[in-house]
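A.B. asks: At position 308 of the sequence shown the residue is numbered 324 (the numbering used here), and the sequence of numbers has no breaks.
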Amino acid sequence: MSDKILIVGAGAIGGFYGGLLAKAGAEVSVVCRSDYELVKQQGYRIDSCDLGQWRFMPAQVLQHAGDYREDADYLILCTKVTADMDRVGLIRDAVRPDTAIVFIQNGVEIEAELQQAFPDNQLVSGLAFVCCNRLQAGEIRHLAYGRLMLGNLPAGISAKTRHLQQLFTQAGIECVASEDIVAGRWQKCVWNAPFNPLSVLSGGLPTLAILRQQEALVRRIMREVRDIAAACGHPLNDDVIETNIQNTYAMPPYKTSMLLDFERGHAMETEAILGNAVRAARRQGIACPTLETLYALMKLRELQIRSQCP
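(1) On the DSSP letters alone, give me the boundaries of the alpha helix (DSSP H) that Asp277 sits inside.
(2) Looking at Ile237 and Pro269, is the spacing between their C-beta atoms short of 7 Å?
(3) Please report the distance separating the alpha-carbon of Val216 from that of Glu43.
(4) What residues match up with Ala193 in a beta bridge as DSSP calls it?
(5) Quick check: Ala187 and Lys39, are their CB atoms within less than 7 Å of each other?
(6) Given this structure, state the Cα-to-Cα distance separating Cys181 from Phe145, to the nearest angstrom.
(7) Straight-line CA distance for Gln320 to Tyr311?
(8) Could you check which residue in Thr259, Ser323, Glu318 has the C-alpha nearest to that of Ala99?
(9) What alpha helix (DSSP H) runs, 4 residues minimum, are completely inside the stretch 217-245?
(10) Reducing DSSP to helix, strand and coil, say where Cys148 ends up.
(11) Within a Cβ cutoff of 6 Å, which residues of the same chain sit near Asn260, ignoring the five residues on either side of it in sequence?
(12) Less than 7 Å between C-beta atoms, sequence neighbours within five positions excluded: which residues of the same chain meet that for Gly172?
(13) What are the residues that DSSP puts in a beta bridge with Trp207?
(14) Here's the rule I'm using: 16 or more other beta-carbon atoms within 10 Å means buried, otherwise exposed. How should Gly249 be labelled?
(15) May I ask you to report which of helix, strand or coil DSSP gives Ala99?
(16) Run the CB neighbour count on Gly25, radius 10 Å, all protein chains shown included, and call it buried at 16 or more, exposed below.
(17) Expressed to the nearest angstrom, what Euclidean distance is found between the alpha-carbon atoms of Asp243 and Ser50?
(18) Hey, Met274 and Cys147 are a contact pair by Cβ (cut 8 Å); roughly how many whole angstroms apart?
(19) Hey, quick one: how far does the alpha helix (DSSP H) through Val111 stretch, first residue to last?
(20) Taking all protein chains shown into account, do 16 or more other C-beta atoms lie within 10 angstroms of the C-beta of Asn212, making it buried, or fewer, making it exposed?
(21) Per the contact definition of three or more C-beta pairs closer than 8 Å, is the stretch 286-303 in contact with the stretch 121-137?
(22) Spatial neighbours of Gln58 within its chain, please: CB distance less than 6 Å, with the 5 preceding and 5 following residues excluded, ordered by chain position.
(23) Suppose the cutoff is 7 Å on Cβ atoms and the five residues either side in sequence are ignored; what does the same chain contact list for Glu240 look like?
(24) Buried or exposed: which applies to Tyr90, given that a residue is buried once 16 or more other Cβ atoms fall within 10 Å of its Cβ?
(25) Could you pull out every unbroken beta strand (DSSP E) segment of at least 3 residues lying fully inside the stretch 33-76, listed in chain order?
(26) Our contact map puts Ala75 next to Ala110 with C-beta atoms below 8 Å; I'd like the distance itself, whole angstroms only.
(27) Report yes if the CB atom of Leu159 is closer than 7 Å to the CB atom of Cys65, and no otherwise.
(28) Within its chain, find whatever has a CB closer than 8 Å to the CB of Pro222; leave out the 5 residues flanking it on each side and keep chain order.
(29) Have a look at Asp332 and Leu130 and give me their C-alpha separation to the nearest angstrom.
(30) To which residues of the same chain is Ala283 closer than 8 Å at the C-beta, ignoring the five residues directly before and after it?
(31) Return yes when the Cβ of Cys94 is within less than 7 Å of the Cβ of Gly41, no when it is not.
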């Protein structure tokens, strides 16, 4: 029997990884609002740098998670983590006692509300190390990388998580399971913290241009995030900064998700990526002056955007 999987937030990330799970034989349904009519009729056209082109036709295309009447083995949440996003409200009506809730989202210290709302469900934290964009309705381009990291909260790896890992591996994408997924979340923040906000504050520069012009600044931000992670009990590998720097030089010029949100007038993940890291530093008594400045500048940019809204 096929695994029943519901993707909530089926944009670039949700559509891409949902399409991979369908290739592995899972029965994948999606909740998408903005592209609902087109995806219902035509599905997704996915163009991957590594895996070729294919069309992903979801088993069901829904506007609300509550419209899903089956028992999902996995509910995979791929929305942005912003102040206006009620993640619990989005998924509550589709969660059953045996549903594993997987959230593939950016940010650090974002799990508490899900843990409190669903204390009896398996909660799996997921991290996507991928360059992937939604070109237009129903069209997704996978530009580079794609590795996934999964792990149960508060720690460990369950059999159900291992099975999901195997499904992704069967589809052709690298997927690793981590005993300490919280450290993995900080590891991803090492990259997100400089490049996401700097892409907005620079007026739209891609990652490669930012790195070539301001590598010293990027490294300083990365060091501060690494130090905060260590103070929170999640020391990262010694080479985490150098690995991120070299990987960014190797990837094609890339518009970050925060820059795309900014250009489209959408809410940005400032709090999830920067604000939570800054608050963790304050709580631990760790100085992070560059990160504090970056966070303050992003809050001013958000204020500017709000002041321009009618």
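Virtual Cβ for every residue (Gly too), placed ideally from N, Cα, C.
C.D. replies: According to the structure data:
(1) Residue numbering aside, residue 277 sits at position 261 when the sequence shown is read from its first letter. It spans 273-280 - the alpha helix (DSSP H) in which Asp277 sits, taken as one unbroken run.
(2) Start at 1 with the first residue of the sequence shown, and residue 269 comes out as number 253. Start at 1 with the first residue of the sequence shown, and residue 237 comes out as number 221. Cβ atoms of Pro269 and Ile237: not closer than 7 Å.
(3) Residue numbering aside, residue 216 sits at position 200 when the sequence shown is read from its first letter. Residue numbering aside, residue 43 sits at position 27 when the sequence shown is read from its first letter. About 38 Å.
(4) Mapped onto the sequence shown, residue 193 falls at position 177. Beta-bridge pairing links Ala193 to Leu166.
(5) Here residue 187 corresponds to residue number 171 of the sequence shown, with the count starting at 1. Here residue 39 corresponds to residue number 23 of the sequence shown, with the count starting at 1. Cβ distance < 7 Å, so Ala187 and Lys39 count as in contact.
(6) Reading the sequence shown from its first residue, position 165 is the one you call residue 181. Reading the sequence shown from its first residue, position 129 is the one you call residue 145. Per the sequence shown, the amino acid found at residue 181 is Gln instead of Cys. Their Cα atoms are separated by approximately 15 Å.
(7) Reading the sequence shown from its first residue, position 304 is the one you call residue 320. Reading the sequence shown from its first residue, position 295 is the one you call residue 311. Their Cα atoms are separated by approximately 14 Å.
(8) Taking the sequence shown and counting its residues from 1, the one referred to as residue 99 is at position 83. Among Thr259, Ser323, Glu318, the Cα nearest to that of Ala99 belongs to Glu318.
(9) 223-229
(10) Here residue 148 corresponds to residue number 132 of the sequence shown, with the count starting at 1. Strand, per DSSP.
(11) As a first step, residue 260 must be located in the sequence shown, where it is residue number 244. The residues are Val206, Trp207.
(12) In the sequence shown, counting from the first residue as 1, residue 172 sits at position 156. So the list reads Glu195, once near-sequence residues are dropped.
(13) Taking the first residue of the sequence shown as 1, we reach residue 207 at position 191. The partner list for Trp207 (beta bridge, DSSP) is empty, contrary to what the question assumes.
(14) Within the sequence shown, the letter at position 233 stands for residue 249. So Gly249 counts as exposed.
(15) On the sequence shown, position 83 is the one that residue 99 refers to. Coil, per DSSP.
(16) Locating residue 25 in the sequence shown gives position 9, counting from the first residue. Per the 10 Å Cβ criterion, buried.
(17) The residue you call residue 243 lines up with position 227 of the sequence shown. The residue you call residue 50 lines up with position 34 of the sequence shown. Rounded to the nearest angstrom, the two C-alpha atoms are 39 Å apart.
(18) Indexing the sequence shown from 1 puts residue 274 at position 258. Indexing the sequence shown from 1 puts residue 147 at position 131. Between Cys147 and Met274 the Cβ distance is about 14 Å, and since that is not below 8 Å, they are no contact.
(19) As a working mapping, residue 111 is identified with position 95 in the sequence shown. Element bounds for Val111: n/a, residue is neither H nor E.
(20) Mapped onto the sequence shown, residue 212 falls at position 196. Only buried fits Asn212, as 16 or more other CB atoms lie within 10 angstroms of its CB.
(21) yes
(22) Here the question's residue 58 lines up with position 42 in the sequence shown. Contacts found: Gly154.
(23) In the sequence shown, counting from the first residue as 1, residue 240 sits at position 224. Excluding positions up to five away in sequence, the list reads Cys304, Thr306, Leu307.
(24) Locating residue 90 in the sequence shown gives position 74, counting from the first residue. Its Cβ being crowded by 16 or more others within 10 Å, Tyr90 is buried.
(25) You should have 43-47, 60-64, 68-72.
(26) By one-based count along the sequence shown, residue 75 stands at place 59. By one-based count along the sequence shown, residue 110 stands at place 94. The C-beta distance from Ala75 to Ala110 rounds to 14 Å, too long to fall under 8 Å, and the pair is not in contact.
(27) Position 143 of the sequence shown, counted from the first residue, corresponds to residue 159. Position 49 of the sequence shown, counted from the first residue, corresponds to residue 65. Taking C-beta atoms as the reference points, Leu159 and Cys65 count as a pair closer than 7 Å.
(28) Counting from one through the sequence shown, the residue named residue 222 turns up at place 206. Within the same chain, Pro222 has close Cβ partners Ser215, Pro269, Tyr270, Lys271.
(29) Outside the displayed range of the chain (17 to 326) lies residue 332, so it cannot be described from this structure.
(30) Taking the sequence shown and counting its residues from 1, one reaches residue 283 at position 267. Contacts found: Lys96, Thr98, Ala99, Asp100, Met101, Asp277.
(31) Residue 41 sits at position 25 when you count from the first residue of the sequence shown. Residue 94 sits at position 78 when you count from the first residue of the sequence shown. It is not a contact, given that the beta carbons lie outside the stated cut-off.
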